[in-house]
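Residue numbers (our numbering): 44 to 341. Built from N, CA and C at the ideal position, the CB exists for glycine as well. A quick write-up on the structure given underneath.
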(Lines of atoms letter the chains of each structure in order from A and count residues from 1; the text may use other names and numbers.)
(Lines give C-alpha, C1' and ligand atoms only; values in the text may rest on other atoms or scores of the structure.)
Protein backbone atom coordinates (compact mmCIF):
# COMPACT_ATOMS: atom_id res chain seq x y z
CA UNK A 1 0.00 0.00 0.00
CA UNK A 2 3.00 2.29 0.32
CA UNK A 3 3.38 4.73 -2.53
CA UNK A 4 6.67 4.91 -4.43
CA UNK A 5 6.12 8.64 -4.53
CA UNK A 6 6.53 8.68 -0.75
CA UNK A 7 9.94 7.14 -0.02
CA UNK A 8 9.40 7.45 3.72
CA UNK A 9 6.49 5.01 3.48
CA UNK A 10 8.56 2.53 1.48
CA UNK A 11 11.38 2.81 4.01
CA UNK A 12 8.95 2.13 6.86
CA UNK A 13 7.54 -0.94 5.11
CA UNK A 14 11.06 -2.27 4.54
CA UNK A 15 11.95 -1.67 8.21
CA UNK A 16 8.86 -3.51 9.46
CA UNK A 17 9.52 -6.37 7.03
CA UNK A 18 13.06 -6.77 8.36
CA UNK A 19 11.78 -6.82 11.94
CA UNK A 20 9.14 -9.42 11.09
CA UNK A 21 11.73 -11.58 9.34
CA UNK A 22 14.07 -11.36 12.32
CA UNK A 23 11.26 -12.22 14.76
CA UNK A 24 10.19 -15.17 12.60
CA UNK A 25 13.76 -16.44 12.46
CA UNK A 26 14.08 -16.26 16.25
CA UNK A 27 10.76 -18.05 16.71
CA UNK A 28 11.72 -20.82 14.29
CA UNK A 29 15.09 -21.26 16.01
CA UNK A 30 13.55 -21.50 19.46
CA UNK A 31 11.03 -24.07 18.18
CA UNK A 32 14.00 -26.43 17.74
CA UNK A 33 14.72 -26.47 21.47
CA UNK A 34 13.38 -29.72 22.91
CA UNK A 35 16.28 -31.17 24.91
CA UNK A 36 16.22 -31.92 28.63
CA UNK A 37 17.92 -28.66 29.63
CA UNK A 38 17.25 -26.49 26.58
CA UNK A 39 15.15 -24.09 28.69
CA UNK A 40 17.95 -23.51 31.23
CA UNK A 41 20.39 -20.66 31.60
CA UNK A 42 23.99 -21.28 30.53
CA UNK A 43 27.47 -20.97 31.99
CA UNK A 44 29.95 -20.36 29.18
CA UNK A 45 33.73 -20.62 29.63
CA UNK A 46 36.50 -19.93 27.13
CA UNK A 47 40.04 -21.32 27.56
CA UNK A 48 43.08 -20.40 25.48
CA UNK A 49 44.65 -23.39 23.70
CA UNK A 50 47.78 -23.80 21.61
CA UNK A 51 49.09 -20.71 19.89
CA UNK A 52 50.75 -18.71 22.66
CA UNK A 53 49.81 -15.04 22.86
CA UNK A 54 47.65 -15.37 19.75
CA UNK A 55 45.60 -18.06 21.46
CA UNK A 56 45.13 -15.89 24.55
CA UNK A 57 44.04 -12.97 22.38
CA UNK A 58 41.71 -15.33 20.47
CA UNK A 59 40.11 -16.52 23.72
CA UNK A 60 39.43 -12.89 24.62
CA UNK A 61 37.90 -12.27 21.18
CA UNK A 62 35.60 -15.27 21.62
CA UNK A 63 34.50 -14.17 25.09
CA UNK A 64 33.65 -10.73 23.69
CA UNK A 65 31.73 -12.39 20.82
CA UNK A 66 29.53 -14.38 23.20
CA UNK A 67 28.93 -11.39 25.47
CA UNK A 68 27.76 -9.34 22.49
CA UNK A 69 25.55 -12.16 21.23
CA UNK A 70 23.95 -12.62 24.65
CA UNK A 71 23.26 -8.92 25.12
CA UNK A 72 21.83 -8.56 21.60
CA UNK A 73 19.61 -11.61 22.19
CA UNK A 74 18.15 -10.06 25.35
CA UNK A 75 19.86 -12.28 27.93
CA UNK A 76 21.41 -11.09 31.17
CA UNK A 77 25.17 -11.55 30.80
CA UNK A 78 27.42 -11.47 33.88
CA UNK A 79 31.18 -11.88 33.98
CA UNK A 80 32.12 -14.45 36.64
CA UNK A 81 35.86 -14.74 36.05
CA UNK A 82 38.51 -13.35 33.72
CA UNK A 83 42.12 -14.52 34.00
CA UNK A 84 44.37 -12.12 32.04
CA UNK A 85 46.91 -13.50 29.58
CA UNK A 86 50.67 -13.11 29.89
CA UNK A 87 50.98 -10.34 27.28
CA UNK A 88 47.48 -9.88 25.88
CA UNK A 89 44.06 -11.48 25.96
CA UNK A 90 43.05 -14.03 28.59
CA UNK A 91 43.98 -17.49 29.77
CA UNK A 92 40.31 -18.11 30.50
CA UNK A 93 37.02 -16.37 31.12
CA UNK A 94 33.57 -17.39 32.35
CA UNK A 95 30.19 -15.73 31.92
CA UNK A 96 26.66 -16.45 33.12
CA UNK A 97 24.09 -16.13 30.32
CA UNK A 98 20.80 -15.98 32.19
CA UNK A 99 17.37 -16.37 30.67
CA UNK A 100 15.02 -19.00 29.23
CA UNK A 101 16.63 -21.14 26.49
CA UNK A 102 20.12 -19.66 26.84
CA UNK A 103 21.65 -23.12 27.16
CA UNK A 104 19.49 -24.51 24.39
CA UNK A 105 20.81 -21.90 21.99
CA UNK A 106 24.46 -21.99 23.10
CA UNK A 107 25.05 -25.71 23.69
CA UNK A 108 26.32 -26.31 20.16
CA UNK A 109 29.19 -23.87 20.74
CA UNK A 110 31.14 -26.22 22.99
CA UNK A 111 34.31 -27.51 21.41
CA UNK A 112 37.51 -26.18 19.85
CA UNK A 113 37.43 -22.98 17.80
CA UNK A 114 40.27 -22.22 15.36
CA UNK A 115 41.51 -18.80 14.21
CA UNK A 116 43.76 -18.14 11.19
CA UNK A 117 45.09 -14.60 10.70
CA UNK A 118 48.12 -12.38 10.29
CA UNK A 119 49.34 -12.19 13.86
CA UNK A 120 49.44 -8.68 15.36
CA UNK A 121 52.10 -10.01 17.73
CA UNK A 122 54.50 -11.14 14.98
CA UNK A 123 56.80 -8.38 13.73
CA UNK A 124 57.34 -10.38 10.53
CA UNK A 125 53.57 -10.23 9.86
CA UNK A 126 53.28 -13.98 9.32
CA UNK A 127 50.08 -15.98 9.33
CA UNK A 128 49.39 -17.80 12.62
CA UNK A 129 46.86 -20.37 13.78
CA UNK A 130 45.41 -20.22 17.28
CA UNK A 131 42.96 -22.40 19.19
CA UNK A 132 40.55 -21.88 22.07
CA UNK A 133 38.14 -24.26 23.79
CA UNK A 134 34.57 -23.35 24.73
CA UNK A 135 32.63 -25.12 27.49
CA UNK A 136 28.86 -24.64 27.92
CA UNK A 137 27.17 -26.54 30.75
CA UNK A 138 23.58 -25.68 31.70
CA UNK A 139 23.08 -23.90 35.00
CA UNK A 140 21.66 -26.58 37.30
CA UNK A 141 18.94 -25.76 39.81
CA UNK A 142 18.43 -27.32 43.24
CA UNK A 143 16.19 -30.06 41.81
CA UNK A 144 19.21 -31.84 40.33
CA UNK A 145 21.33 -33.67 42.88
CA UNK A 146 25.08 -33.40 42.37
CA UNK A 147 27.20 -34.84 45.17
CA UNK A 148 30.14 -32.62 46.08
CA UNK A 149 32.12 -33.92 49.06
CA UNK A 150 34.08 -31.28 51.01
CA UNK A 151 37.13 -33.58 51.14
CA UNK A 152 37.22 -33.54 47.30
CA UNK A 153 37.69 -29.78 47.19
CA UNK A 154 40.89 -27.77 47.26
CA UNK A 155 40.11 -24.08 47.79
CA UNK A 156 42.68 -21.37 47.07
CA UNK A 157 42.28 -17.64 47.60
CA UNK A 158 44.22 -15.01 45.72
CA UNK A 159 44.17 -11.33 44.92
CA UNK A 160 41.90 -10.29 42.08
CA UNK A 161 43.82 -9.25 38.97
CA UNK A 162 40.90 -7.55 37.28
CA UNK A 163 39.28 -4.18 37.60
CA UNK A 164 37.03 -3.65 40.54
CA UNK A 165 38.37 -0.87 42.70
CA UNK A 166 40.73 -0.71 45.64
CA UNK A 167 38.85 -3.24 47.76
CA UNK A 168 39.08 -6.02 45.18
CA UNK A 169 42.71 -5.39 44.35
CA UNK A 170 43.95 -5.20 47.95
CA UNK A 171 42.26 -8.26 49.44
CA UNK A 172 42.45 -11.98 48.67
CA UNK A 173 38.79 -12.10 47.63
CA UNK A 174 39.19 -14.24 44.50
CA UNK A 175 38.48 -17.97 44.79
CA UNK A 176 39.82 -20.95 42.89
CA UNK A 177 38.27 -24.37 43.59
CA UNK A 178 39.81 -27.61 42.36
CA UNK A 179 37.67 -30.74 42.37
CA UNK A 180 40.33 -33.33 43.15
CA UNK A 181 38.34 -36.34 41.97
CA UNK A 182 37.88 -35.01 38.43
CA UNK A 183 40.54 -32.32 38.07
CA UNK A 184 37.92 -29.68 37.25
CA UNK A 185 39.08 -26.18 38.21
CA UNK A 186 36.71 -23.22 38.56
CA UNK A 187 37.43 -19.67 39.65
CA UNK A 188 35.61 -16.46 40.41
CA UNK A 189 37.01 -13.03 41.15
CA UNK A 190 34.27 -10.71 39.95
CA UNK A 191 32.52 -10.20 43.29
CA UNK A 192 33.83 -8.00 46.08
CA UNK A 193 33.56 -10.55 48.87
CA UNK A 194 35.27 -13.91 49.17
CA UNK A 195 31.97 -15.44 50.28
CA UNK A 196 30.18 -14.29 47.12
CA UNK A 197 33.00 -15.49 44.89
CA UNK A 198 32.96 -18.90 46.58
CA UNK A 199 29.19 -19.22 46.10
CA UNK A 200 29.51 -18.32 42.43
CA UNK A 201 32.40 -20.75 41.93
CA UNK A 202 30.36 -23.55 43.51
CA UNK A 203 27.49 -22.80 41.10
CA UNK A 204 29.88 -23.22 38.18
CA UNK A 205 31.42 -26.39 39.65
CA UNK A 206 28.02 -27.98 40.21
CA UNK A 207 27.01 -27.38 36.60
CA UNK A 208 30.30 -28.72 35.23
CA UNK A 209 30.09 -31.87 37.37
CA UNK A 210 26.52 -32.45 36.23
CA UNK A 211 27.56 -32.09 32.59
CA UNK A 212 30.43 -34.52 33.17
CA UNK A 213 28.05 -37.08 34.69
CA UNK A 214 25.71 -36.75 31.71
CA UNK A 215 28.60 -37.10 29.26
CA UNK A 216 29.88 -40.23 30.97
CA UNK A 217 26.38 -41.71 30.89
CA UNK A 218 26.12 -41.07 27.13
CA UNK A 219 29.54 -42.64 26.55
CA UNK A 220 28.45 -45.76 28.42
CA UNK A 221 25.30 -46.00 26.29
CA UNK A 222 27.34 -45.58 23.12
CA UNK A 223 29.70 -48.36 24.23
CA UNK A 224 26.75 -50.68 24.85
CA UNK A 225 25.43 -49.91 21.35
CA UNK A 226 28.85 -50.56 19.84
CA UNK A 227 29.27 -46.96 18.67
CA UNK A 228 32.41 -44.91 18.91
CA UNK A 229 32.64 -41.16 18.76
CA UNK A 230 35.54 -38.88 19.47
CA UNK A 231 35.25 -36.70 22.54
CA UNK A 232 33.64 -33.39 21.59
CA UNK A 233 36.41 -31.29 23.09
CA UNK A 234 39.00 -32.93 20.82
CA UNK A 235 37.22 -31.78 17.67
CA UNK A 236 37.78 -28.50 15.90
CA UNK A 237 34.18 -27.50 15.38
CA UNK A 238 34.63 -24.19 13.56
CA UNK A 239 37.30 -22.21 11.71
CA UNK A 240 37.50 -18.43 11.56
CA UNK A 241 39.82 -17.47 8.70
CA UNK A 242 40.91 -13.83 8.26
CA UNK A 243 43.84 -14.54 5.91
CA UNK A 244 44.36 -15.27 2.99
CA UNK A 245 40.56 -15.03 2.61
CA UNK A 246 37.67 -14.32 4.97
CA UNK A 247 35.38 -17.14 6.05
CA UNK A 248 33.79 -18.65 9.12
CA UNK A 249 32.82 -22.28 8.56
CA UNK A 250 31.29 -24.83 10.90
CA UNK A 251 32.73 -28.27 10.16
CA UNK A 252 29.76 -30.12 11.67
CA UNK A 253 26.92 -28.44 9.78
CA UNK A 254 28.59 -26.84 6.74
CA UNK A 255 27.17 -23.41 7.66
CA UNK A 256 29.55 -20.68 6.52
CA UNK A 257 29.77 -16.96 5.90
CA UNK A 258 32.33 -14.46 4.60
CA UNK A 259 31.23 -11.88 7.17
CA UNK A 260 33.86 -12.72 9.77
CA UNK A 261 33.64 -9.36 11.51
CA UNK A 262 29.88 -9.68 11.85
CA UNK A 263 30.29 -13.06 13.52
CA UNK A 264 32.97 -11.75 15.88
CA UNK A 265 30.59 -8.91 16.76
CA UNK A 266 28.01 -11.47 17.91
CA UNK A 267 26.05 -12.44 14.79
CA UNK A 268 25.94 -16.17 15.59
CA UNK A 269 22.31 -17.00 14.87
CA UNK A 270 22.94 -18.84 11.58
CA UNK A 271 25.46 -21.13 13.28
CA UNK A 272 23.29 -21.72 16.35
CA UNK A 273 20.27 -22.56 14.23
CA UNK A 274 22.30 -24.71 11.84
CA UNK A 275 23.46 -26.89 14.75
CA UNK A 276 19.94 -27.23 16.16
CA UNK A 277 18.49 -28.13 12.75
CA UNK A 278 21.22 -30.73 12.23
CA UNK A 279 20.52 -32.23 15.66
CA UNK A 280 16.84 -32.60 14.87
CA UNK A 281 17.53 -34.02 11.40
CA UNK A 282 20.14 -36.53 12.59
CA UNK A 283 18.49 -37.43 15.89
CA UNK A 284 21.80 -36.79 17.68
CA UNK A 285 24.40 -34.09 18.10
CA UNK A 286 26.16 -33.37 14.78
CA UNK A 287 29.89 -34.12 14.50
CA UNK A 288 32.59 -32.88 12.16
CA UNK A 289 31.93 -35.79 9.79
CA UNK A 290 28.39 -34.53 9.17
CA UNK A 291 29.31 -31.16 7.68
CA UNK A 292 31.76 -32.21 4.99
CA UNK A 293 35.46 -32.82 4.91
CA UNK A 294 37.28 -32.85 8.21
CA UNK A 295 40.50 -31.77 6.52
CA UNK A 296 42.22 -28.72 7.95
CA UNK A 297 42.01 -25.50 5.97
CA UNK A 298 45.26 -23.79 5.05
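Stretch-stretch touch, CB-based, cutoff 8 Å, three pairs: the stretch 89-104 with the stretch 125-137:
The stretch 89-104 is in contact with the stretch 125-137.
Taking C-beta to C-beta, are residue 135 and residue 88 nearer than 8 Å?
In this structure, residue 135 lies near residue 88, with their beta-carbon atoms less than 8 Å apart.
Thinking just about the alpha-carbon of each residue, which of 300, 146, 217 and 292 is nearest to the one in residue 157?
For the residues 300, 146, 217 and 292, the minimum Cα distance to residue 157 belongs to 292.
Below 8 Å between beta carbons: does that hold for residue 174 and residue 74?
At a Cβ-Cβ threshold of 8 Å, residue 174 and residue 74 do not count as neighbours.
Name the DSSP beta bridge partners of residue 124, please?
For residue 124, which the question treats as bridged, DSSP gives the partners 137.
For residue 298 and residue 180, the rounded distance between their alpha carbons
The straight-line gap from Cα to Cα measures roughly 23 Å.
Candidates 334, 322, 326 and 312: closest to residue 108 by CA position:
Looking from the CA of residue 108, the closest CA among 334, 322, 326 and 312 belongs to 312.
In angstroms, rounded to a whole number, what distance separates the CA positions of residue 78 and residue 144?
The alpha-carbon atoms of residue 78 and residue 144 are separated by roughly 10 Å.
Rounded to whole angstroms, what's the CA-CA distance from residue 55 to residue 159? Just pull it up for me.
If I take the Cα positions, the gap works out to 41 Å.
Where do the ends of the alpha helix (DSSP H) carrying residue 320 lie?
In the DSSP assignment, residue 320 falls within the alpha helix (DSSP H) that extends over 312-325.
Keeping to the same chain, check which residues put their C-beta closer than 6 Å to that of residue 230; ignore five residues upstream and five downstream.
Within the same chain, residue 230 has close Cβ partners 124 and 219.
Roughly how many angstroms separate the alpha carbons of residue 57 and residue 51, rounded to a whole number?
Between the C-alpha atoms of residue 57 and residue 51 there is a straight-line separation of about 10 Å.
How would you write the range of the beta strand (DSSP E) that residue 290 sits in, first residue to last?
Going by DSSP, residue 290 is part of the beta strand (DSSP E) stretching over 290-293.
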